[in-house]
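If you read the sequence shown in numbering that gives the first Met the number 0, its first letter stands for residue 0, the second for the next number, and so on.
For every residue, glycine included, the Cβ atom is placed at its ideal position computed from N, Cα and C.
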Amino acid sequence: MNEMDKPLSPDELGRRLTEVYDLVGPLYRRAQRSVEQGLAADDGLSLGVRAVLTLLHRNGPMTVPQMGRAQAISRQFVQRMVNDAAAQGLVESIPNPAHRRSSLIRPTPEGSAAIAAVLEREHLFLREVGGDLTDTDVTTCLRVLGELLTALDHIDLS
0 MNEMDKPLSP
10 DELGRRLTEV
20 YDLVGPLYRR
30 AQRSVEQGLA
40 ADDGLSLGVR
50 AVLTLLHRNG
60 PMTVPQMGRA
70 QAISRQFVQR
80 MVNDAAAQGL
90 VESIPNPAHR
100 RSSLIRPTPE
110 GSAAIAAVLE
120 REHLFLREVG
130 GDLTDTDVTT
140 CLRVLGELLT
150 ALDHIDLS
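Encoded structure:
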């Protein structure tokens, strides 16, 4: 095992993960602005409505609390975004067989078409990312970011 493959000491891990945080913040903000600009120009969707539609596209019908937990945002904010999406005819409520008081939200055909177009546009952009990245690189990145997210699970979102 070479030096790069050995687990880091806690102090070195803390320093290296700080480097990750230092990149994640600007990356998130730039990506958010890029998405907002693309949505405003082409689709008229807000970033919040886009997030709701993406969750439903990837996971199927969900409750508002499930969406809040999945996105680490408050249930109240998700509810406002669901209301906005419903007002635009992009989502609808359906009965939840598991819980009578918490409806499932699902995309309408219009909502499915809108998010499919957004995701396709993003896919075309992201396939142009360079750097000769490998599957191992991306898998490692996902593992590190997943560990960082798990380390923050205790943060209250309400």
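Original post:
When the Cα atoms are used, what is the spatial distance from residue 34 to residue 50?
Top reply: Between residue 34 and residue 50, the alpha-carbon positions lie close to 11 Å from each other.
Original post:
Taking one C-beta from the segment 51-66 and one from the segment 83-92 each time, how about it: are there three or more such pairs within less than 8 Å?
Top reply: Yes: the two stretches touch, three or more of their Cβ pairs being nearer than 8 Å.
**OP:** Count the other CB atoms, across all protein chains shown, that sit within 10 Å of the CB of residue 163; report buried if there are 16 or more and exposed otherwise.
**Re:** The structure shown does not extend to residue 163, since the chain spans only 0 to 157, so no value can be given for it.
Original post:
Identify the residues that DSSP records as bridge partners of residue 61: which are they?
Top reply: Partner(s): 104.
**OP:** Would you kindly work out how many angstroms separate the C-alpha atoms of residue 72 and residue 46, rounded to a whole number?
**Re:** Their Cα atoms are separated by approximately 13 Å.
Original post:
Are the beta-carbon atoms of residue 225 and residue 90 separated by less than 8 Å?
Top reply: Outside the shown range of the chain (0 to 157) lies residue 225, about which nothing can therefore be said.
Original post:
Any heavy atom of the ligand SAM within a distance shorter than 7 Å of the CB on residue 125?
Top reply: Ligands in the displayed structure: none, and consequently the ligand SAM is not present.
Subject >> Spatial distance of residue 43 from residue 115 (CA atoms) >> reply: Rounded to the nearest angstrom, the gap between the Cα atoms of residue 43 and residue 115 is 14 Å.
**OP:** Classify residue 117 as buried or exposed, calling it buried when 16 or more other Cβ atoms lie within 10 Å of its own Cβ.
**Re:** Buried: at least 16 other Cβ atoms inside 10 Å.
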